[in-house]
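A.B. asks: The letter at position 249 of the sequence shown is residue 680 when you use this note's numbering, and the numbering goes up by one with no holes. The structure's right below; bear with me while I get my questions together.
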Amino acid sequence: MQSLERTIRGTVLFDEPMARHTSYRVGGPADVFIVPADIDDLAAAVGILHERGVAVFILGRGTNLLVRDGGIRGCVVSMEEITKIERTDPEVVSAGAGAAIMEVVNRCMEWSLTGLEKLAGIPGSMGGAVVMNAGAHGAYMDSVVNAATMLGPDGTVYEKTRDQLGLGYRSSKLGGAEIILDVRLSLGSGDREEISQVVTEKLAWRRDRQPLSLPSAGSVFKNPPGMPAGRVIAELGFKGTRVGGAEVSELHANFIVNRGGARAVDILSLIDRIVLKARDERGIELEPEIKIIGED
Ligand SMILES: Cc1cc2nc3c(=O)[nH]c(=O)nc-3n(C[C@H](O)[C@H](O)[C@H](O)COP(=O)(O)OP(=O)(O)OC[C@H]3O[C@@H](n4cnc5c(N)ncnc54)[C@H](O)[C@@H]3O)c2cc1C
């Protein structure tokens, strides 16, 4: 790990609490936590980590993650400095994997490019948005992503087309050792005022329906066929149910919020209770949308 500190220009931290890097404000320490300064720095760091057989976890903005209380063995690599956004063709935008979705939405709006505006308010990064095929209001990343530049575990850089990314409902064929470096979006030319109106509406929609003042990772469960998961959870009577510092939101039952001092084990306990009751009383299999990682 000292060679990592000597080689990379970015930040290297040890025993770094993941609670500082997740929107849940929950999660034990990562053995090593690095923030590469740019893509060359990232490639150098990943090369050293693979050479030494250190497990690597790629972090976007940590808004879809529940990190267990024992933390993460190995190295977490944060993409937060890889944020360049460019208009490479009249209707094509290239965004660094660490760029915030909202930043890209705003730039597209300035350029009068339409396609991404319904995702306004999703708090993740572009890389995380591709891995999760993030979306809202019927618009998903798969409708705008054209291709992504990837860094493989052996240090090679290559392209993946939208088909190769394999985007499905809150899923993709990614999540292994491949790292998304940047994402190319195919957009349409639109009217800036109309795009801006959609952005304003979608942000207001979230403020009214989501508990945005409390830490969360958004919707915990994927929607089962035919019904929103939030309705199932509300009908099972879970709204307001609390374990430790974790609570099923009164405003949106598919959100579990951190009311202060929640541990991952509190959130996991609520998840288990909801899964069991949905299965027993409704015959519905609820599947987590959030990624649960790390050690107990
Ligand atoms: C209040 C709130 C509202 C939300 N609303 C929505 C919504 O409406 N729709 C929706 O779809 N989601 C929503 N989310 C969930 C979340 O914001 C999205 O899933 C988002 O796309 C996750 O991005 P991230 O950068 O935070 O990813 P992270 O949580 O950091 O990571 C998610 C996964 O992606 C992987 N990953 C991240 N970056 C890379 C990369 N560069 N290369 C390879 N793998 C990578 C990680 O390893 C991990 O497996 C919401 C979350 C919150 C807190």
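Each residue gets a CB set at the ideal place from its N, CA and C atoms; glycine is no exception. Remember, predicted model here, so these are calculated numbers, not experimental data.
#1: Following the continuous alpha helix (DSSP H) through Ala665, name the residue where it begins and the one where it ends.
#2: Where does Thr494 land, buried or exposed, given buried means 16+ other C-beta within 10 angstroms?
#3: Beta carbon of Pro554: closer than 7 Å to some heavy atom of ligand 1?
#4: Here's the rule I'm using: 16 or more other beta-carbon atoms within 10 Å means buried, otherwise exposed. How should Phe445 be labelled?
#5: Applying the criterion that 16 or more other CB atoms from any shown protein chain within 10 Å of the CB defines a buried residue, is Glu625 buried or exposed?
#6: Does the separation of the CB atoms of Met557 and Val535 fall below 8 Å?
#7: Would a check of beta-carbon distances place Gly649 closer than 8 Å to chain C?
#8: Please state whether the Cβ-Cβ distance between Val679 and Thr672 is less than 8 Å.
#9: Using the C-alpha atoms, what's the distance from Ser627 back to Gly552?
#10: Should Ala635 go down as buried or exposed, given a rule of 16 or more other Cβ atoms within 10 Å for buried?
#11: State buried or exposed for Asp731, treating a residue as buried only when at least 16 other CB atoms are found within 10 Å of its CB.
#12: Any idea which residues DSSP pairs Gly569 with across the strands?
#13: Less than 8 Å between the C-beta atoms of Gly529 and Thr545, yes or no?
#14: What did DSSP end up calling Ala474 once you bin it into helix, strand or coil?
#15: Residues in the same chain with beta-carbon distance under 7 Å from Gly661, minus the five sequence neighbours each way, listed in chain order, please.
#16: Alpha carbon to alpha carbon, what distance is there between Arg483 and His568?
#17: What does a CB cutoff of less than 6 Å around Gly597 pick up in its chain, not counting 5 residues either side in sequence?
#18: Are the segment 632–650 and the segment 610–619 touching by the rule of at least three beta carbon pairs closer than 8 Å?
#19: Tell me which same chain residues have a C-beta within less than 6 Å of the C-beta of Ile489, skipping the five on either side of it?
C.D. replies: Considering the structure as presented:
#1: Ala660 to Glu666
#2: buried
#3: Flag set: Cβ of Pro554 near ligand 1.
#4: exposed
#5: exposed
#6: yes
#7: Absence of chain C from the displayed structure is noted, only one protein chain being present.
#8: yes
#9: 13 Å
#10: Exposed, by the Cβ-count rule.
#11: Shown here, the chain extends from 432 to 727; a query on residue 731 therefore has no answer.
#12: Note: Gly569 sits in no beta bridge, so no partner.
#13: Contact flag unset, no.
#14: helix
#15: His683, Ala684 and Asn685
#16: Cα to Cα, His568 sits roughly 44 Å from Arg483.
#17: Ser603 and Lys604
#18: no
#19: Same-chain partners within the cutoff: Val508 and Ile610.
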